[in-house]
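Participant: When the sequence shown is numbered by my numbering, its final residue is 595 and no position is left out of the sequence of numbers. We put the beta carbon where it would ideally sit given N, CA and C, even for glycine. Every value quoted in this text rests on a predicted model; they were computed, and no experiment measured them.
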Amino acid sequence: MKATIWHNPKCGTSRKTLAILENLSKVDVEVVEYLKDPPTAEKLAQLYKDAGITPNEGLRIRGTDAVERGLPDASAEEVLAAMVADPILIERPLVETDKGARLCRPQDTVLEIL
Numbered sequence: 482m483k484a485t486i487w488h489n490p491k492c493g494t495s496r497k498t499l500a501i502l503e504n505l506s507k508v509d510v511e512v513v514e515y516l517k518d519p520p521t522a523e524k525l526a527q528l529y530k531d532a533g534i535t536p537n538e539g540l541r542i543r544g545t546d547a548v549e550r551g552l553p554d555a556s557a558e559e560v561l562a563a564m565v566a567d568p569i570l571i572e573r574p575l576v577e578t579d580k581g582a583r584l585c586r587p588q589d590t591v592l593e594i595l
């Protein structure tokens, strides 16, 4: 099975989720450091749809200026555009497999799609 993780190596939850994936021999892991290589708005929209959440639910509030920018109340399109322009606004980690996508907070959520 292939799994893609949109990863921030400075984030403890992201590191723990990556460790779960790497410790499973059946999983071929692709790591995308989204702060260096952000996904497109289209890819983010697809990930959130597959995860069953809205872009607003995937918005990182802690440690960002999202509230000051009014993003929690913005449209999905505005949130996606802000995330692409400033990927620190993407809550992490996002993981995608053939079984779907999840925002893996807590990290054990990744097990739902393995």
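Out of curiosity, what's the CA-to-CA distance linking Lys-507 and Met-482?
Facilitator: Walking along the sequence shown from the start, residue 507 turns up at place 26. Walking along the sequence shown from the start, residue 482 turns up at place 1. Straight-line measurement puts the Cα of Met-482 at about 6 Å from the Cα of Lys-507.
Participant: Using beta-carbon positions only, say whether Val-560 and Leu-540 come within less than 7 Å of one another.
Facilitator: Position 79 of the sequence shown, counting from 1, holds the residue named residue 560. Position 59 of the sequence shown, counting from 1, holds the residue named residue 540. Their beta carbons are under 7 Å apart, which means Val-560 touches Leu-540 by this criterion.
Participant: Starting from the Cα of Arg-543, find the closest Cα among Ala-563, Asp-518, Glu-572 and give me that residue.
Facilitator: On the sequence shown, position 62 is the one that residue 543 refers to. The residue with the shortest Cα to Cα distance from Arg-543 is Glu-572.
Participant: Measure the Cβ-Cβ separation of Ala-582 and Ala-532 and say whether it is below 7 Å.
Facilitator: As a first step, residue 582 must be located in the sequence shown, where it is residue number 101. As a first step, residue 532 must be located in the sequence shown, where it is residue number 51. In contact: Ala-582 and Ala-532 (Cβ atoms closer than 7 Å).
Participant: Can you list, in chain order, the residues of its chain with a C-beta nearer than 6 Å to that of Pro-536? Leave out the 5 residues immediately preceding and following it.
Facilitator: The sequence position of residue 536 within the sequence shown is 55, counting from 1. Within the same chain, Pro-536 has close Cβ partners Tyr-529, Ala-557, Val-560, Leu-561.
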